[in-house]
Structure formats: structure tokens, C-alpha cells
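So the sequence shown is residues 21 to 141, counted in this note's numbering.
Beta carbons: idealized from backbone N, C-alpha and C, even for Gly.
Have a look at the structure below before the remarks.
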Amino acid sequence: ELERKATIALATTTDPLERLRAECLKRGAQGIKGLSLLFRIMDDNGDRKLNMEEFQKGVQEYGLNFSKADINELFRKFDTDKNGSIDYEEFLFRLRPPMNNFRLDLVAKAFAKLDKYVLYI
Numbered sequence: 021e022l023e024r025k026a027t028i029a030l031a032t033t034t035d036p037l038e039r040l041r042a043e044c045l046k047r048g049a050q051g052i053k054g055l056s057l058l059f060r061i062m063d064d065n066g067d068r069k070l071n072m073e074e075f076q077k078g079v080q081e082y083g084l085n086f087s088k089a090d091i092n093e094l095f096r097k098f099d100t101d102k103n104g105s106i107d108y109e110e111f112l113f114r115l116r117p118p119m120n121n122f123r124l125d126l127v128a129k130a131f132a133k134l135d136k137y138v139l140y141i
């Protein structure tokens, strides 16, 4: 099912981040383990950070057909603290897809319940 959804997403999206997510899902890089492995493969010098060169090389070695402009855009999106490198947390944060509406609603209900509980303490 995930492979099918990923294939559809690849055919319909132009956003490089969505395309990267779809490629990871299509190839079975799901969950923290798969994403962690992808990051470690890209991290040539083992410093738990990706510079632009490592990121570009990793994207190409992963077999992704991204233009240089797409790779630059991806790097900027991943580098949330704008320090010129992507650390593991930034990588996971951006690569994880956003929560669906059901999960968002569930989280909101849980916090609402906690808020009521805290008011009575």
C-alpha cells in the first residue's frame, strides 16, 4: 500500500521534499531505522552532519533524479538552523511527513484532556 501511494505521489508532485519522501517510502526507508540508515550512508566523514557535498552525493548515489536546483532547495529546507550543514534531527524532522488530520485531532483531544486534568490539581 505504501509503495503504491509513493508511486502516485512521485507521478503527481513537483515539490522536491515530497518527491524525496515518496522515494524513501517506495524503497522501504520507513520508520526511524530506515531514515537513520539513509543518513549514515550519506554522512561520509561520520560527523553526524551532512554538508552540501555529502548531501548532493548522497542524493545522487541514492539514485534520485534531482536537478542541482532541487538539491539546493532541499538542502535549504533541511538546514533549519541555517548553519550550512544538516544534522540528524533536522534530517528526520523534514523527512517525516506531516501528521494526518486523524492524528492531529487525536493529539488535540489528548492535550484538551490533560488541560482539564491539570486545572483540577
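- Look at D35 here: in three-state DSSP terms it is coil, with no helix or strand label.
- The C-beta of L134 has fewer than 16 other C-beta atoms within 10 Å across all chains shown, which makes the residue exposed.
- Here L84 carries a coil assignment [DSSP, helix/strand/coil].
- Membership of R114 in the alpha helix (DSSP H) is indicated by the continuous run Y108 to L115.
- Look at K102 here: in three-state DSSP terms it is coil, with no helix or strand label.
- From the listed residues R96, N92 and L40, the smallest Cα separation to P117 is found for L40.
- When A130, M119, D107 and A128 are compared, the shortest CA-CA separation from L58 is found for D107.
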